[in-house]
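Numbers given in the working numbering equal positions in the sequence shown, counted from 1, plus 379.
No residue lacks a Cβ here, since even glycine has one placed at the ideal position from N, Cα and C.
Read the structure below first, then the notes.
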Amino acid sequence: MRTVLLRSGFLTHALLCGAVAGVFLLTLASFTPSFAKPEDDREEVALGLLSTADLGTYTRAFAEAKKKRWKKALVLSALARNPIPAEVIHWLYYTRPGTAASFDEIATFLRQHPDWPNQRLLRLRTEEAMTGGLADEIVLAWFADYPPVTTRGHVLLGEAMLRGEDHDAAEAYLRKTWIERNFTRHEERRFLAKHRKLLEKTDHEQRTDRLLWDGRHWEARRMLYRIDPDQRNLAIARISLMKRSWAVDKDVQRVPKHLTAHPGLMYERLRWRRRKGKIESAREILEHPPAELVRPERWWDERVVVVRRLFRDGYYSEAYRLASEHGQTEGESFAEAEWLSGWIALRFLNDNQVAFTHFTNIYRASRYPISRARGAYWAARAAQAMDARSTQNRWFRIASQYLTTYYGQLAAEHVSGQRPIALPQQIAPSQATVKALEANPLTEVVRLLQEIGAKEHIRPFVLQLAKQADSKEAYAWLADFTLSLDRPDLAVKVTKRAQRQNIPLFVRGYPILNLPNDGPEPALVLAVTRQESAMDKSAVSSAGARGLMQVLPRTARSVSRSLRIRYSRKKLLSDPDYNLRIGSAYLNGLLAEFDGSYVLALAAYNAGPTRVRRWVREIGHPRELGADAIDWVESIPIYETRNYVQRILENLQIYRVRTSGGKFVLQPSNDLQR
């Protein structure tokens, strides 16, 4: 029996007793998505959470919501006895752009649904719904609980404060808002009409500087007449460099001498030179950077291009010096800068002790398995170069703990040699974990959406459950749950989130699909598919790549012609088998073009064969490097492609276990050289 309490028209879950639809524990080795052939003939059991009348009502209500007929959707949902799907329709209505819902409606919903997804979006809509007639006490109380997330919210809070007693704090807050927030042209006019007298010259200068660092040059142009002539010339020069204007030389010459060392101007000059291919003159700026970088990660994005060009051309000492003087202190840019410094020191300068220090810095400063495995693996390689056997073995063992990562697998290969390994035993959620997650209100929301057929709304609720997961058992249960819903894409999402906390869900997060019989190695196709679309058959990229293997329509047309099958743009999304056939054939063609090299074919699948042919001319062929083919991958000029190749090679090792049914010998180094 399920008991619920109703309050102010919204649902609060009080008790969930019994197993509503059974325990969602699967034997994952046998799970197959619906678009693959099932491995057994068990019947699918209907969830049956809704009465026949409610199911019909909600089917119509969600259909109306899909057509954006919100009034009909809300009226229909109010007719049902089970109120939970009605809550979802309200949630959809409140989060939609331009919702007509009032502040009170959205605020009440937000307070009563603190664990629902899209909390920030609900706050944004709440701020949009605030009217000028809202009492200051309500505004102040609201923002005390929910700090502003929009420019409008910040302004409303500042103005409410200004009508209070602490004018100094209010004025400081409004000035800070002017400097740090982005305004539309209309918002800007309105703000200045009210608060121009509060703003000082330095506020306008700081705002202009911030806008230019953010690349918002159109908004910065509106600031030009509000700053003094020297600052105006500085801003014009930065914009001219940013836009690569024909008048750039003249604009830079107008900058007064005392501002020529401004970090923003130096950064834009560096970026302009790098984009123009003037690497040597870009290097001059990097050798004498400003004392304060302001945006260190931006500087690293430029520095790394110059560093890689220098070591490509054989200037290893210069490349190391520029890399090691990176000025990064945290985050991904720090890890990448330390790794590149260490790699150049180890592989090109034979400075093994210095390299070892860089690599251990990465391991100690990183939180996530990919970076920690990378740091530990290369620390082992540096120790190996110093003939420090015990240190080498210790770091290889540390790296091998991250078995789902590229470098963790390379380390495990070193540790295990040719001995077969088995994946760790699957995590089995305890009954207590199962009971708690079965009783989670969001779990019931997901089940009801599945039953109604509103599957397009399931994703945010599953991801919200993943955010709430606080143990390896919780992640395992949630991955099982998503697979029971025939959503391998969500199982992959849950698994990737778990892996960032070093909770590997080996089987659950690597679904098996039916593949064409005449394609490449099945494990390779599955590894590519997992990386390309995360097993989402409806995925469409910003570049227009479509479906499971993210095939571009023009590529699909060409491959269809070579296969002598009819091309269909629609089927790239609607027919997973068609998408897999096209993608597998294209990958097979790349393997043939690059003489069976997995590394080159994968790089070409991501970056295109033309680029890869150029890289082979510049870097050589991975096979020519033998055991050091690992360096070829790290020499790929494009970060996205380097990362892409490594992620697929790590997926490949796991999929070989999945497709072989048990133990296997790790062979990532063979895949690098094949």
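Closest to residue i by C-alpha separation, out of the options, would be which residue?
i: Asp915; options: Leu927, Glu507 and Gln829; result: Leu927
i: Leu428; options: Asp680, Val824, Gly787 and Pro476; result: Val824
i: Tyr525; options: Leu489, Thr556, Glu538 and Arg662; result: Leu489
i: Glu559; options: Tyr747, Arg531, Gln1046 and Ala759; result: Arg531
i: Glu584; options: Arg595, Lys576 and Ala599; result: Ala599
i: Glu671; options: His705, Trp651 and Leu689; result: His705
i: Ile618; options: Leu590, Pro608 and Ala716; result: Leu590
i: Leu969; options: Tyr957, Asn958 and Ala982; result: Ala982
i: Asn985; options: Asn561, Arg568 and Tyr1018; result: Tyr1018
i: Ala815; options: Val919, His492 and Tyr854; result: Tyr854
i: Ala807; options: Ile882, Thr1020 and Lys573; result: Ile882
i: Gly594; options: Ser720, Asn561 and Ser863; result: Asn561
i: Gln797; options: Thr436, Ala626, Asn1049 and Thr487; result: Asn1049
i: Arg439; options: Ala452, Lys447 and Arg876; result: Ala452
Below 8 Å between beta carbons: does that hold for residue i and residue j?
i: Ala724; j: Ser750; result: no
i: Ile463; j: Thr783; result: no
i: Val1012; j: Gln1025; result: yes
i: Ser939; j: Arg945; result: yes
i: Leu455; j: Glu443; result: yes
i: Phe482; j: Val534; result: no
i: Arg648; j: Leu620; result: yes
i: Trp757; j: Arg674; result: no
i: Glu506; j: Thr529; result: yes
i: Gly537; j: Thr556; result: yes
i: Tyr699; j: Arg753; result: no
i: Asp1010; j: Arg688; result: no
i: Gly1005; j: Ser963; result: no
i: Leu1051; j: Pro1001; result: yes
i: Ile831; j: Leu434; result: yes
i: Trp495; j: Trp470; result: yes
i: Ala790; j: Ala734; result: no
i: Trp651; j: Arg623; result: yes
i: Gln480; j: Ala514; result: Looking at the sequence itself, residue 480 is Ala, so the reference to Gln does not match. No.
i: Thr861; j: Val841; result: yes
i: Arg879; j: Tyr747; result: yes
i: Leu519; j: Arg554; result: no
i: Glu792; j: Gln1046; result: yes
i: Ser685; j: Ala716; result: The question names Ser, yet the displayed sequence has Val at residue 685. No; because the gap between Cβ atoms is not below 8 Å, this pair is not in contact.
i: Arg925; j: Leu942; result: no
i: Arg504; j: Ile485; result: yes
i: Pro839; j: Asn612; result: no
Note down, in chain order, each residue of its chain lying with its Cβ closer than 8 Å to the Cβ of residue i, except the 5 sequence neighbours on either side.
i: Asn819; result: Leu844 and Gln847
i: Ile615; result: Leu603, Asp630 and Arg633
i: Trp718; result: His737, Phe738, Ile741, Arg753, Gly754 and Trp757
i: Ser1039; result: none
i: Ser696; result: Leu728
i: Met645; result: Ile664, Pro668 and Pro669
i: Thr822; result: Leu816, Leu844 and Phe860
Give me, in chain order, the residues of the same chain whose beta-carbon lies closer than 6 Å to that of residue i; leave out the 5 immediate sequence neighbours on both sides.
i: Arg960; result: Pro895
i: Gly401; result: No answer about Gly401 holds up, because its pLDDT of 34 lies below 50 and its placement is not dependable.
i: Glu550; result: Leu577
For residue i, which residues in the same chain have their Cβ closer than 7 Å to its Cβ, ignoring the five residues on either side in sequence?
i: Ser809; result: Glu852
i: Ala858; result: Ala870, Val873, Thr874, Leu884, Arg887 and Gly888
i: Arg1053; result: Gly975, Ser976 and Tyr977
i: Ala913; result: Asp868, Val871 and Lys872
i: Arg499; result: Val528
i: Lys416; result: Only weak support is given to the placement of Lys416: the predicted model assigns it a pLDDT of 37, under 50, and the question is left unresolved by the model.
i: Gly656; result: none
i: Ile777; result: Ala755
i: Asn731; result: Leu725, Ala761, Ala764 and Met765
i: Phe690; result: Ala698, Ile723 and Phe727
Could you tell me if the beta carbon of residue i falls within a distance shorter than 7 Å of some heavy atom in the ligand GDP?
i: Ala698; result: The ligand content of the structure shown is nil, which means the ligand GDP is not present either.
Between residue i and residue j, which are expected to be in contact by the criterion C-beta below 8 Å, what is the C-beta distance as a whole number of angstroms?
i: Gly643; j: Asp588; result: 6 Å
i: Asp609; j: Leu638; result: 6 Å
i: Gln929; j: Ala918; result: 7 Å
i: Trp449; j: Tyr472; result: 5 Å
i: Glu676; j: Ser712; result: 4 Å
i: Glu1003; j: Pro988; result: Contact doesn't hold; Cβ gap of about 19 Å is too wide.
Counting only beta-carbon separations shorter than 8 Å, does residue i have a partner in chain B?
i: Ala523; result: Any reference to chain B falls outside this structure, which holds one protein chain only.
Check whether the region 868–878 touches the region 825–836, taking contact to mean three or more Cβ pairs, one atom from each stretch, closer than 8 Å.
Segments in contact, no.
The region 796–807 / the region 755–769 touching (three or more Cβ pairs under 8 Å):
Flag = no, the region 796–807 and the region 755–769 do not touch.
Given 8 Å, three or more beta-carbon pairs between the region 900–916 and the region 1014–1031:
They touch, by the three-pair rule.
With three or more C-beta pairs closer than 8 Å as the rule, is the region 681–694 touching the region 657–668?
Remark: three or more beta-carbon pairs, one from each stretch, lie closer than 8 Å, so the region 657–668 and the region 681–694 are flagged as touching.
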